[in-house]
Structure formats: structure tokens, C-alpha cells
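Report on the following structure.
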Amino acid sequence: MYDPQRRVSSRKTDRSESHFGHATIPYSSPGDWVSRHPRNRSPHHTGSCHSMSLADTQPELPRFRLMAPANPPKGFIVRSFGLTDLGQVRQSNEDHFAIMELARTMHVHGTNIHQAQAQYSHHRGHIFIVADGMGGHSAGEVASALTVMTIEGFLLNTLNRFTNLQASEEHGVMEEFQNAVLQADAKVFEEAAQHPELLGMGTTLTMAFAVEWKLFVAHAGDSRAYLFSKNELHQLTQDHTVVAEMVRQGVLSPNEALRHPSRHVVTNILGGVEPGVRVELHRLNLEPDDLLLMCSDGLTEMVTDDRIVAIIREDRDPQRVCERLVAEANANGGKDNVTVVVATFHDSAKID
């Protein structure tokens, strides 16, 4: 959502089997970020996407989460819900989200075989997207919607082959995730170039692909993805902001960051004045009863992590969690649009 206080400067990062940019798959190390402008977005992007080595960018998860379990659960059931709200202050909602199920199907249109019918793969992939637009005068709404639609179309034609995922194909998922983000980045920039009133528009993006007890995450900006597992909340993504980087470098304490005047300065988005987003990527193993939470900063600016944990511990139902978190953000001021997507993962053998 457009915010006159949210701007952009230069970039950096941190986190799971993850990395930034084009490159190899293991782990990412912080590197130099490219300048880009965000929310009030008088952009000053100074570079293009390039590869980084992987190393120190792991979420606070047990190490075994990055290795396949010896005996993974057989059945994989996903329950999910998404909710977006205008908030108490904004005049328009520039957040967009999507929840999708991906499968391979074959429809028989002609045959002499008796009772021929459509063929369906029993394997399913689940895609979750949150995008928080910026730019003013509805440009942010255009940027986030265009990003979601571009990624939907791209993934439909690429990820469907990964619904029965083999270990050797995990690198391919990461590559396609990165390609999807880069294509959306270019599309937003192209649209703005054709319509001067949209110049400088941009959007954050956090998306996830869950398939057969694997979770892949791609991210840019200051929306977030969390994993609630074994009664604890883990932030999977980094905030791509000036202040978050200062905290990672030890320049600011987390408490100082909460009041810092530059806390809204975003350093990495899709769109802006030049294409060239940095893509933060993660891969980890899921376990039965894990919960994925994805949200725009309209939630995390209004609701603390401790309060998020308390709400999830009280009720794991995706719809009720979304409704309670959005209500809490609005009760605390609702200064921005707020979007929440929640998914829970279950072993079919343990579901009644």
C-alpha cells in the first residue's frame, strides 16, 4: 500500500536453504543490495539482478528441516484461507493475495473406449502469494495485481511438472520461482513505461509452493512468511528494509528499529524505475501440523510476533486465524491495508 513514509534505499540480506538472485542453490550470504525506490517511491534503482553465493541465510529452524526425513508421512493435506482488509486509514486497498492448487490433468475429448473419463494425478501442489503494492494514485494496486496475475500464468505452465516432486527436481523449483519473480518484475516495469501515470509503481512479493512435505519460498520486500512449528513461530523471510539491515549489522537494536524514522524505507521490490529485483529463496521440509503464515506489513506493523503466536496457539483453523489477526491489526489502529494467508499441513493418515 502506498505510504508517503515508505521509501527505498540500498539493499542487503539473511536466511533456510536459501539464496538471492540467479545462482546456485545451497545457502545465501549477505551481499550488496541494489538501490530501488518503494512506497513514496521517488525511485533510485542503481543496478540489475545478479547472482550471489549462498551461505548464512537460514531461518531459525532445526538443521534437520533442511534434509529429507527418513520416513516422511505419505498423505499430504493442505487447508488454507486468505483475507485482505482496507484497514482504518487507507482509501484504497493495494494488497493482493492468491491461493491456488496445481495438479496435472488429462481430459479425453474423443475415444471409443467405454466410459473414458478425465485422468487426474493424485499429486497436488499448493501456491500462496501475497503482494503489497506501492506508488500512489492506484499505481500500487495495479503493480500488485499485475504481479499476482503474471506469476499465476507463469507457474501454471512450469510448476505443474513438479507436483510429483523428486529430490533431483528441487533445484528446478527454485529456478522457476526465481524466473517467475523476474518475469513479474519486468512486466510491472513494462506496464509503467507504457503509462506515465504509473511510473515508479512497485510491489513487495512473498510466495510459497507446498508439495509433498516440501516448502519453497520466494520473497522480495517487507511482507513476511512465517512457519509456526512445534508451538514456536519462525520468520522465514527477511525484511528488505534499511532498518532491518542495520539491525542485522548490529547498528540498531530491535527496539530501536521500532521507532527509527527510516523503518519504512524498503530496499527491494518488483517494479520501481528499473527491472532488477533480488529474489530471496528458501527450501525446507514440512512436518505434520505445521502452519504457514504469510502477510503484508499491515499486520506486522500493528501486531507483535508475541501476539501472533498467542492467537495461533489458541486456534489453528486457517480462517479463524486470518480473521482474528486482521481484526487485531484494525483494533490497534489499522494504519495500512492488511493481508493474511494461512495454510496448515496435515498427514492424511491422522485426519478423521
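Residue numbers (the working numbering): 704 to 1055. Every residue, glycine too, gets a C-beta built ideally from N, C-alpha and C.
Query                                                                                                                                                                 : Result
Would you mind giving the Cβ-Cβ distance between Pro-776 and Trp-916, rounded to the nearest angstrom? I have them listed as a contact below 8 angstroms.             : 6 angstroms
Give the DSSP-derived three-state secondary structure of Met-852 in the structure shown.                                                                              : helix
Please report the residue range of the beta strand (DSSP E) in which Val-781 lies.                                                                                    : 780–788
For His-937, which residues does DSSP report across the bridge?                                                                                                       : Leu-930
Taking all protein chains shown into account, decide if Arg-1016 is buried (16 or more other Cβ within 10 angstroms of its Cβ) or exposed.                            : exposed
With 16 as the cutoff for other CB atoms within 10 Å, does Asp-1039 come out buried or exposed?                                                                       : buried
Going by beta-carbon coordinates alone, are His-829 and Glu-804 separated by less than 9 angstroms?                                                                   : yes
Please state if the CB of Phe-831 and the CB of Ala-1032 are separated by a distance shorter than 9 angstroms.                                                        : no
For the region 980–993 and the region 882–895, state whether three or more C-beta atom pairs, one from each stretch, are separated by less than 8 angstroms.          : yes
Report, in whole angstroms, the separation of the C-beta atoms of Ile-1014 and Val-1024, which I expect to be a contact under 8 angstroms.                            : 6 angstroms
Roughly how many angstroms separate the alpha carbons of Leu-994 and Val-833, rounded to a whole number?                                                              : 16 angstroms
Using the Cα positions of Thr-1007 and His-963, report the straight-line distance between them to the nearest angstrom.                                               : 17 angstroms
Tell me which same chain residues have a C-beta within less than 6 angstroms of the C-beta of Leu-902, skipping the five on either side of it?                        : Ala-895
According to DSSP, is Glu-879 helix, strand or coil?                                                                                                                  : helix
Using CA atoms only, rank isn't needed, just tell me which of Asp-992, Gly-839 and Val-946 is closest to Ile-780.                                                     : Asp-992
Hey, how far is the Cα of His-922 from the Cα of Gly-813?                                                                                                             : 43 angstroms
Report all residues from its chain with a CB closer than 7 angstroms to the CB of Ile-854; omit the five preceding and five following residues, and keep chain order. : Ile-832, Ala-883, Ala-887 and Met-910
Hey, quick one: how far does the alpha helix (DSSP H) through Met-949 stretch, first residue to last?                                                                 : 945–951
Give the straight-line distance between the Cα atoms of Val-1043 and Thr-1003, rounded to the nearest whole angstrom.                                                 : 10 angstroms
Taking Gly-905 and Gly-838 to be in contact with their CB atoms under 8 angstroms, please state how far apart those CB atoms are, rounded to whole angstroms.         : 6 angstroms
Express the C-alpha separation of Asn-860 and Ile-816 in angstroms, rounding to a whole number.                                                                       : 29 angstroms
Out of Glu-948, Ser-932 and Leu-862, which one is the CA nearest neighbour of Val-914?                                                                                : Leu-862
Cβ of Ser-1061 within 9 angstroms of Cβ of Asp-1009?                                                                                                                  : Residue 1061 lies beyond the residue range present for the chain, which begins at 704 and ends at 1055; the question has no answer from this structure.
For Ala-889 and Glu-977, I'd like the C-alpha separation in whole angstroms.                                                                                          : 8 angstroms
Assuming Ala-1034 is part of the beta strand (DSSP E), what are its boundary residues?                                                                                : Premise fails: Ala-1034 lies in the alpha helix (DSSP H), 1021–1034, not in any beta strand (DSSP E).
Alpha carbon to alpha carbon, how far is Leu-973 from Leu-908?                                                                                                        : 7 angstroms
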